[in-house]
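Quick mapping for you: the protein sequence lines, in order, are chains A and B.
Here numbering that gives the first Met the number 0 is used: position 55 in the first sequence is 54, and no number is missing along the way.
Here numbering that gives the first Met the number 0 is used: position 183 in the second sequence is 182, and no number is missing along the way.
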Amino acid sequence: MKMPMLLQLFWIFFKIGLFTIGGGYAMIPMITDQVVSRGWLTLPQLIDFIAVSESTPGPFAINIATFIGMENAGIVGALSATLGVVLPSFIVILIVANYFYDRFVGNFYVQGALSGIRPAVLGLISSAAVTVLLSALFGGAKLSQGLSGLAAGFSLPGALILAVLVVLNLLKKDLHPIVMIIIAAGLGILLNVLLA
Amino acid sequence: METRQTLKNIGELFWTFFKIGAFTFGGGYAMIPLIHREAVEKHPWITSDDMMNMIAIAESTPGALAVNSATFVGCRVAGFWGALFATIGVVLPSLAIICVISLFYLQFLANKWVAWAFEGVRCAVVLLMVNAVVKLAKGGRLTAFHVVLSIAAFLAAAFTKFDTILIILISGIIGVIYALWCRYRSAEQGGR
């Protein structure tokens, strides 16, 4: 039982690492797809961990791989998942740096593929953002459950906090993610104390 | 003599990228100034032009910018072993920190105050993701073709059971076909 789990962690994160183009947030749709569906992590846990990762050093890719590996199979699991997520970029960069270098970026087919992948990633992150929004505001209700399903899970504190953060985000364009997270955490505590 | 120099380089690569991994929050572009200072100004391992090239390559290849940069600089300075140790260096701090956090994570979240705080934090994550989308959208020149592809990917992910990786693969193929078609069309017009 143990060995397949380690291999699975390695393989799933290898696939995720291979298809992550467009920064850390581009991984989130794949994590919900490949990891949450396997029961290695729940959606609220994933969302919480995104915030934890923003508040700790290092790239999101490494943080999330280590975390999921650690939670499911201890230190060896963390090593397997992290190795998996790093290996594709390591191999690709070694090949590019040694054999293509400046011919790679200008290559017609590379540019063509990227011109398709970049906008798609935009759509994928947007879809993941909707999922996160539903989780934060409607207790994880699905759009398919209709208005009554959404209303049943509606969280008033969540809506108030989101409204404040949206205004803040519009007023101060370059608010540091950590500052935003700290403000949101403070509001979460404040509202719950007031409501209790 | 040469081996000793190489060993020294590999050690410095490891240590430099260890520091970069340990001190950059938020990853990605936050670490570009730091990498520039260490790899271009201080050591200097690569030129400013190399650095620009490296960022372009990192943006066009899979994986985290930090890891890609470490592998790239390491490879330029000391070949395979340089790449390996620079990459291990940049990964190690996150790996260690998250392993330690994981040990206390569940007890931490079970605390009432922490649970309340995280109710708010989830809302912040929504905005962080929206900001990431806006930043990516601003970075590229979005034509009608790109917008349609974005919306199609969104709909496929939100309302169908399509695998995310499959969506990325298909979009890459569509991108290549579209580029070929554009080239064919402009060649035809040029021929007239």
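For glycine and all other residues, C-beta sits at the position ideal for the given N, C-alpha and C.
If you ignore the 5 residues before and after A/Y24, its C-beta comes within less than 7 Å of the C-beta of I124, all in its own chain and listed in chain order. Residue state for A/P43 is assigned as helix, using DSSP reduced to three classes. Close CB contacts of B/L83 within its chain, under the 8 Å cut and outside five residues either way in sequence, are with G73 (chain order). Per DSSP, the beta-bridge partners of A/P56 are B/F24.
Within 8 Å of the CB of A/V104, the CB atoms of chain B belong to N52, A55, I56, S59, in sequence order along the chain. Secondary structure at B/T142: coil, using DSSP grouped into helix, strand and coil. Annotation note: the segment 110-190 of chain A contains the following uninterrupted alpha helix (DSSP H) runs of length 4 or greater, listed N- to C-terminal: 145-152, 155-170. Per the C-alpha coordinates, the member of A/V192, A/V85, A/S114, A/V163 positioned closest to A/K14 is A/V85. For A/V120, the number of other beta carbons within 10 angstroms of its own is at least 16, and it is reported as buried.
In its chain, beyond the 5 residues on either side, R117, V120 have a beta carbon closer than 7 Å to the beta carbon of A/G21. Counting other Cβ atoms within 10 Å of its Cβ, A/V192 stays below 16 and is therefore classed as exposed. Around the beta-carbon of A/Q33, 16 or more other beta-carbon atoms lie within 10 Å, marking it buried.
In this structure, B/V120 lies away from A/D173, with their beta-carbon atoms at least 8 Å apart. Under a criterion of Cβ atoms nearer than 8 Å, the residues of chain A adjacent to B/W112 are, in order, I188. In summary, A/A96 is buried, with 16 or more beta-carbon neighbours lying within 10 Å of its beta-carbon over all protein chains present. Between the alpha carbons of B/L141 and B/V147 lies a gap of roughly 10 Å. A/T81 is a Cβ neighbour of A/G68, given a cutoff of 8 Å. Secondary structure note for B/S47: its alpha helix (DSSP H) is the uninterrupted segment 47-59. From the beta-carbon of B/V76, no residue of chain A is found nearer than 9 Å; the closest lies around 11 Å away. Contact between the segment 166-183 of chain A and the segment 38-58 of chain B is absent: fewer than 3 CB-CB pairs across the two stretches fall below 8 Å. Across the structure, B/Q4 and B/A77 are spaced so that their CA atoms are roughly 10 Å apart. The C-beta distance from B/A85 to B/A69 rounds to 4 Å, short enough to meet the 8 Å contact threshold. With respect to the 8 Å criterion, B/M128 and A/V131 are classified as neighbours on the basis of their beta carbons. Identification of chain A residues near B/I100 by a Cβ-Cβ cut-off of 8 Å yields V51, T55, F66, ordered along the chain. Between B/P92 and A/G57, the C-beta spacing is below 8 Å.
In this structure, B/C98 keeps its C-beta atom at 8 Å or more from the C-beta atom of A/L161.
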